[in-house]
Amino acid sequence: MLLWSVPNLLSFSRIVAAPILYVLIAWPDRYGFTVALVVFVLASLSDTADGEVARRRGQVSPLGVYLDTTADKIMVAVLLIALVSVHAVPAWMAAVIIAREFLVTGLRSYAAALGIVIPAGGWGKAKAAITIGALLLVLLAGDAMRGGFLSSRWGLVDTLLLHHYGLYSIPIWSLLIATIWTVGSGAEYIREAFPILTRRPSGRSASAIPPAD
């Protein structure tokens, strides 16, 4: 059954990972960020794997595309909310990123109602990569600040890179870049897609709509 195909299961795993990440971040234990970092890395790798597996097995489907993009958004949104709850990232950055995802998802749902499928494109993929990279840095810094595994085992991360050179601000600056890119990619998508989506259905092809993620 296609619903339980390997690519779809990989996407489902990211949805399952979302509440786990929240609990780990909110957990006051010193190793909470450490485990969250591992879970997030594995989940991010599954995001790369599911598309590749789907193409190799010929299991690409509208459901798979929907699950892939939806799982990513759920995981990132929940992680951002968790990080805000422990004051690891500014709330306004998280709000901007999450609001953009809701807006684009709404437009994609409307497009789907018109029979138009909007695939992920260059802007969206770059946005996802930048955001994931920034969140990895935030989790790494959070682990060091809590005295987690990386800090206690690899003191270089904590003492040399973070304390000595004062690089604790790098994760936040990285997330700021991700936020700016998120706004830019969302604005570009809306600018290009809105005139097309407001037309009456006329048998247009999916390729007429700019890709997004």
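Just so you know, we're using the working numbering here: the sequence shown kicks off at 42 and counts up by one.
Ideal placement from N, C-alpha and C gives every residue a C-beta, glycine not left out.
Just so it is clear, the structure is predicted and the values come from calculations on it, not from any experiment.
Check                                                                                                                   : Outcome
Spatial distance of Trp164 from Ala123 (CA atoms)                                                                       : 26 Å
Any alpha helix (DSSP H) of 4 or more consecutive residues that is wholly inside the stretch 145-186                    : 163-186
Between the CA atoms of Ala58 and Val260 - distance to the nearest angstrom                                             : The chain is shown only over 42 to 254; residue 260 falls outside these bounds and no answer can be derived.
Rounded C-alpha distance that separates Ala219 from Arg97                                                               : 31 Å
Sub-8 Å separation of Leu86 and Asn49 beta-carbons                                                                      : no
Beta-carbon gap between Ser226 and Gly174 smaller than 8 Å                                                              : no
Nonlocal neighbours in the same chain, by C-beta distance under 7 Å from Lys114, ignoring five residues either side     : Glu142, Thr146
Arg71 - containing alpha helix (DSSP H), residue span                                                                   : Counting along the chain, Arg71 falls outside any alpha helix (DSSP H), and DSSP gives it neither H nor E.
Neighbourhood of Ile211 by C-beta distance below 8 Å, restricted to the same chain and skipping five residues each side : Leu178, Ala182
DSSP-derived helix/strand/coil call for Ala129                                                                          : coil
For Thr239, the three-state DSSP class (helix, strand or coil)                                                          : coil
Pick from Val127, Phe190, Ile157, Val76 that is closest to Ile61, judged by C-alpha positions                           : Val76
Nearest-angstrom beta carbon gap, Tyr63 and Val119 [assumed within contact, 8 Å]                                        : 5 Å
Close-in-space but distant-in-sequence residues of the same chain around Gly189 (CB under 6 Å, 5 per side omitted)      : Arg71, Tyr72, Phe74, Thr75
Sub-8 Å separation of Leu121 and Ala135 beta-carbons                                                                    : yes
Given Leu180 as reference, the closest of Val79, Ser52, Lys168, Phe53 once Cα atoms are compared                        : Val79
Separation of Val224 from Ile138, as counted between CA atoms                                                           : 8 Å
Residues near Val127 by beta carbon distance below 7 Å, same chain, minus five either side                              : Ile66, Ala67
C-beta contact flag for Ile221 and Val130 at 8 Å                                                                        : no
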